[in-house]
Amino acid sequence: MKQKVELNSSPELKPGLNLVSAAAISIGATIGAGIFAVTGIAAGEAGSALLLSLILAATCTLLTAISFIELISWKPAEGSIYYYSRELVSPFIGFLVGWIWIISTLFTGATVALSFAHYFRDVIPLSLKSNQIALIIIFLFTILNYIGLEESAFVNNLLVLLKILILIAFVVIGFFFIKPENFRPLSFSPPHIFIAAAIIFFAYGGFARVAIIAEEIKNPRKTVPKAILLSLLISTVIYFLVTFVALGLAGAVRLSHSGAPLSTAIRQTGLKWTGLAVGLGGVLATASVLLPSLLGVSRMGLAMSRQRDLPAAFQSIHPKFHTPAAGVVATGLVMALLAYFFDLSKVVSISSFSLLAYYSMANISALRLKNWSRSYPVIISWAGLIFCLAIGFFLLFSQPSTLVISLICLLIGTILYLFRKKSANF
7 MKQKVELNSS PELKPGLNLV SAAAISIGAT IGAGIFAVTG IAAGEAGSAL LLSLILAATC
67 TLLTAISFIE LISWKPAEGS IYYYSRELVS PFIGFLVGWI WIISTLFTGA TVALSFAHYF
127 RDVIPLSLKS NQIALIIIFL FTILNYIGLE ESAFVNNLLV LLKILILIAF VVIGFFFIKP
187 ENFRPLSFSP PHIFIAAAII FFAYGGFARV AIIAEEIKNP RKTVPKAILL SLLISTVIYF
247 LVTFVALGLA GAVRLSHSGA PLSTAIRQTG LKWTGLAVGL GGVLATASVL LPSLLGVSRM
307 GLAMSRQRDL PAAFQSIHPK FHTPAAGVVA TGLVMALLAY FFDLSKVVSI SSFSLLAYYS
367 MANISALRLK NWSRSYPVII SWAGLIFCLA IGFFLLFSQP STLVISLICL LIGTILYLFR
427 KKSANF
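Per this note's numbering, the sequence shown starts with residue 7, numbered consecutively.
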């Protein structure tokens with residue numbers, strides 16, 4: 007007997023992720039290159055007050071996370087704040103939010119791939135150049151995303167577990183070698199503490215990545231908020247302990263002069279093998295950030311294509327693997343080109359500013375919810391918005407070129423938005 011086939015049906019995304027996998031994706035996107043790289047840069051700004059900057063960045067992230075929870079409780083949506091700002095603010099603002107997030111994450115992903123390559127060459131010396139290794143890892147992770155999210159989630163869970171174990175070992179071993187004098191004198195300069203908080207915020211940037219794949223998570227109204235809060239709690243505890251131990255081992259000055267601050271810190275123990283272990287942690291950390299970056303951009307492309315903000319090809323769902331095939335391939339290709347041809351060491355400030363703008367819109371969208379029974383006081387969203395704007399101001403104060411580059415990206419996005427209305431391919 008022939009089965010009835012609906013001619014207008016199309017493959018849909020498969021909701022197969024549970025709380026553990028969802029939280030692991032968020033943790034993997036959060037605890038990554040940031041904790042291994044920006045600790046030294048932030049220490050150069052805040053000095054021995056580095057922990058105050060960490061607390062400030064964590065507070066900003068927590069307030070914004072609560073706004074996310076309000077929005078997700080209202081309506082889970084593939085695309086996250088892009089969708090919410092489009093529905094609650096305006097379609098144009100929503101497009102710009104999604105566009106800037108994609109640009110930021112593409113550059114961040116390429117940077118992370120290059121960072122992975124440098125750590126990998128430190129652990130296993132190879133004749134391959136760093137950009138060649140970056141191409142290989144992007145290619146492999148693109149395949150993982152192409153063949154199915156659950157396969158990607160398994161690998162991501164493994165990377166997150168190994169990375170956390172290495173960071174815990176760093177804390178436990180390093181704790182016994184802390185020198186109290188490295189915490190003195192306590193430097194207190196509010197502008198520099200805010201600048202350091204903006205830098206550290208980059209390390210928190212992926213906490214809400216799981217919201218972008220809400221349609222692929224089981225019971226997203228309950229699972230996504232739990233995953234966000236769980237990942238934020240775990241990430242903050244690990245960040246605080248690692249930063250405390252690193253500062254106690256090496257001091258702010260030594261950390262600020264190191265491109266690999268955690269390796270520099272652990273070497274103060276005199277245990278030779280610890281440097282190799284932390285190098286391996288750097289490999290795992292950067293790898294576990296690259297995977298969610300590839301994942302997130304392709305899903306954002308899917309969400310924007312559904313609203314005709316990107317070409318219809320990005321709506322293509324693979325009939326077997328149930329993944330946005332065109333988006334996955336395009337994301338991997340662009341990241342690979344950026345990683346191969348560009349030095350992206352200075353793009354951290356661009357990504358951070360874009361993330362702050364992105365999360366500001368999360369708070370604004372939460373403030374615009376009408377006729378909705380809130381789980382949290384509205385003052386929390388106001389506080390989250392103020393924190394994001396304040397930290398963003400100090401980031402621009404320290405990196406004026408970030409504003410120029412961000413405006414150029416906005417201009418390109420605006421042109422694309424206007425062009426889409428005249429094209430039949432959207």
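Positions of the beta carbon are idealized from the N, C-alpha and C atoms, including for glycine.
Buried versus exposed call for residue i [16 or more other C-beta atoms within 10 Å across all chains shown]
i	result
H263	exposed
V303	buried
N225	exposed
E187	exposed
I149	exposed
R92	buried
V354	buried
K169	buried
N369	buried
I223	buried
Q1	No answer is possible for residue 1: the residues shown for the chain start at 7 and end at 432.
F208	buried
I206	buried
L192	exposed
S412	buried
V259	exposed
L339	exposed
Rounded straight-line distance, which links the Cα of residue j to that of residue i
i	j	result
F74	I87	8 Å
I172	G281	11 Å
I41	L60	11 Å
I106	K278	43 Å
L343	S379	46 Å
I199	R190	16 Å
I3	L290	Residue 3 lies beyond the residue range present for the chain, which begins at 7 and ends at 432; the question has no answer from this structure.
L308	P330	7 Å
L373	L68	16 Å
I201	K326	47 Å
F425	I418	11 Å
L239	A175	19 Å
G53	P317	47 Å
S16	S322	Low per-residue confidence applies at S16: pLDDT is 46, beneath 50, and the placement is therefore not dependable, though the value from the model is reported in the following sentence. Straight-line Cα distance between these residues: approximately 9 Å.
E51	M341	30 Å
Y90	G287	36 Å
L255	T36	24 Å
C66	A252	23 Å
I397	L362	8 Å
I130	Q405	35 Å
G390	P267	30 Å
Start-to-end residues for the alpha helix (DSSP H) that takes in residue i
i	result
D128	P97 to V129
F320	No alpha helix (DSSP H) holds F320; DSSP gives it neither H nor E.
F399	V384 to S404
K232	P226 to S262
F359	V354 to L373
T45	A39 to A52
H198	P196 to Y210
A271	P267 to I272
S79	L56 to W80
V303	K278 to R312
I184	Where I184 is concerned, there is no enclosing alpha helix (DSSP H), given that its DSSP letter is neither H nor E.
E93	I87 to L94
F147	S136 to I153
A217	Per DSSP, A217 belongs to no alpha helix (DSSP H) and is neither H nor E.
L23	First-last for L23: undefined, no H or E at that position.
T337	A331 to F347
Same chain, Cβ closer than 7 Å to residue i, neighbours up to 5 away in sequence not counted
i	result
S299	T111, T114, G115 and V118
S311	P317, A318, F320 and Q321
L395	S366
6 Å CB neighbourhood of residue i in its chain, flanking five on each side removed
i	result
A140	A119, L120, A123 and A345
F101	D315 and Y423
H324	A331
I108	V303 and M306
T229	L25, A28 and I223
I143	A119 and F122
S387	S73, N369, A372 and L373
L301	N151
Cβ-based neighbour list, residue i, same chain, cut-off 8 Å, excluding 5 preceding and 5 following
i	result
T292	G38, A39, F42, V118, A119, S121, F122 and Y125
R227	I78, S79 and P82
V335	T148 and Y152
A71	F213, A214, I234, L235 and L238
F403	P197 and I201
Whole-angstrom C-beta distance between residue j and residue i, which should lie under 8 Å
i	j	result
T275	I179	6 Å
L401	T408	7 Å
A271	A63	About 20 Å separates the two Cβ atoms, so there is no contact after all.
F181	L57	Contact flag wrong, Cβ pair sits at about 15 Å.
L247	V177	5 Å
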